[in-house]
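I have placed the structure first, in the form of structure tokens, so that the comments after it can refer back to it.
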Amino acid sequence: MTENIASSAHPHPGSCTLVGAGPGDPELLTLKALKAIEAATLLLVDDLVSDAILAYAAPSARIVHVGKRGGCKSTPQAFIEKLMLQAARAGETVVRLKGGDPFIFGRGGEEVERLRAAGVPVTVVNGITAGLAGMTALGAPLTHREHAHGVLFITGHAQPGAPGVDWPLLAHTAHAARLTLVIYMGMRHAAEIAQGLLAGLPAHTPVAVIEHASLPTQRHATATLATLPAAITAQGLASPAVIVVGDVVRGIAAAGQNRQDIAHLGPMAMAG
Numbered sequence: 001m002t003e004n005i006a007s008s009a010h011p012h013p014g015s016c017t018l019v020g021a022g023p024g025d026p027e028l029l030t031l032k033a034l035k036a037i038e039a040a041t042l043l044l045v046d047d048l049v050s051d052a053i054l055a056y057a058a059p060s061a062r063i064v065h066v067g068k069r070g071g072c073k074s075t076p077q078a079f080i081e082k083l084m085l086q087a088a089r090a091g092e093t094v095v096r097l098k099g100g101d102p103f104i105f106g107r108g109g110e111e112v113e114r115l116r117a118a119g120v121p122v123t124v125v126n127g128i129t130a131g132l133a134g135m136t137a138l139g140a141p142l143t144h145r146e147h148a149h150g151v152l153f154i155t156g157h158a159q160p161g162a163p164g165v166d167w168p169l170l171a172h173t174a175h176a177a178r179l180t181l182v183i184y185m186g187m188r189h190a191a192e193i194a195q196g197l198l199a200g201l202p203a204h205t206p207v208a209v210i211e212h213a214s215l216p217t218q219r220h221a222t223a224t225l226a227t228l229p230a231a232i233t234a235q236g237l238a239s240p241a242v243i244v245v246g247d248v249v250r251g252i253a254a255a256g257q258n259r260q261d262i263a264h265l266g267p268m269a270m271a272g
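Counting in UniProt numbering, the final residue of the sequence shown is number 272, and the numbers go up one at a time with none missing.
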């Protein structure tokens, strides 16, 4: 596969663009992302990028799936970076297409460092991250003047051999600063995470779990820190999903009630 990608069909120096494909809904692509996808001669695609987004690629473009997902068999990161370098040096217009945003738990920083060190031109196109898209789809914000003064994106999946997140310390910080926590890749350790956060946050702190954010298959459950593991089990929720912790989660119920109230008005009342 490496030899096919690094062909000599392109005599001019190539380039690489890391593109955030967003949470999955193709209508949430930025214009810049769309243009990059259309212009690519080679796309190296992550596991969570949908076929609806790949449909924007040129018919002549080659698409190589290099899926990476926690807990599953994945393409080694070093091999992906090798493909990017070889293809760009062969003159390809390479798009490294990632779910969400390349610089939010997408290992984009590592790939940019490798490409720059090798002298390969590289640019980055941002995408909408799943935590934001999921809450927005449910009608709730991540920050609010009265309820959340900031938001913290954090991973629930530590690198093997590296120290994990100090969840009790994080909980105390979030409580004192009134922060919303958005936890990525935390489903496998949800019970452990909830237990750690209970050291510094009240048991009744609202929590939302959002699966397949922005897609037609999106599902969610609301709970509290105390009931989070049971809610995940009861609803059968699984990765890919984000866990959102904080008072802003109450906005999901408010948005749902508002939608019900509007539906009960009927078309004549709504028109008025």
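Note that beta-carbon positions come from the ideal geometry of N, C-alpha and C, so glycine has one too.
Asked                                                                                                     : Found
Contact under 7 Å by Cβ, residue 207 with residue 228                                                     : yes
Residue 36 versus residue 162 - alpha carbon distance                                                     : 35 Å
Distance CB(residue 157)-CB(residue 135) smaller than 7 Å                                                 : no
Same chain, Cβ closer than 7 Å to residue 81, five either side skipped, listed in chain order             : 111 and 114
Endpoints, the alpha helix (DSSP H) within which residue 168 is located                                   : 167-177
Residue burial classification, residue 211 (beta-carbon count within 10 angstroms, cutoff 16)             : buried
Reduced DSSP secondary structure (H/G/I, E/B, other) of residue 116                                       : helix
Residues that DSSP places opposite residue 85 in a beta bridge                                            : BP columns for residue 85 are empty, so no partner.
Counted within 10 angstroms of its Cβ, other Cβ atoms place residue 116 as buried (16 or more) or exposed : exposed
C-beta atoms of residue 122 and residue 32 nearer than 7 Å                                                : no
6 Å CB neighbourhood of residue 53 in its chain, flanking five on each side removed                       : 21 and 26
Beta-carbon spacing of residue 61, residue 41 below 7 Å                                                   : yes
Candidates 120, 104 and 99: closest to residue 84 by CA position                                          : 120
C-alpha distance - residue 230 paired with residue 93, whole-angstrom precision                           : 47 Å
C-alpha distance - residue 101 paired with residue 131, whole-angstrom precision                          : 11 Å
As assigned by DSSP and simplified to three states, the class of residue 2                                : Low confidence applies to residue 2: its pLDDT is 42, below 50, so where it sits in the model is not reliable, and the reading given next is rough at best. Note: residue 2 maps to helix in three-state DSSP.
For residue 108, the nearest candidate out of 143, 165, 87 and 46 (CA to CA)                              : 46
Cβ neighbour criterion (16 or more within 10 Å) applied to residue 105                                    : buried
Residue of 243, 38 and 215 minimising C-alpha distance to residue 95                                      : 38
Contact belief for residue 251 with residue 99 at Cβ below 8 Å, rounded distance in angstroms             : Going by Cβ atoms, the distance from residue 251 to residue 99 rounds to 25 Å, so no, they are not a contact pair.
DSSP three-state assignment for residue 206, whether helix, strand or coil                                : strand
Start and end residues, alpha helix (DSSP H) containing residue 134                                       : 130-137
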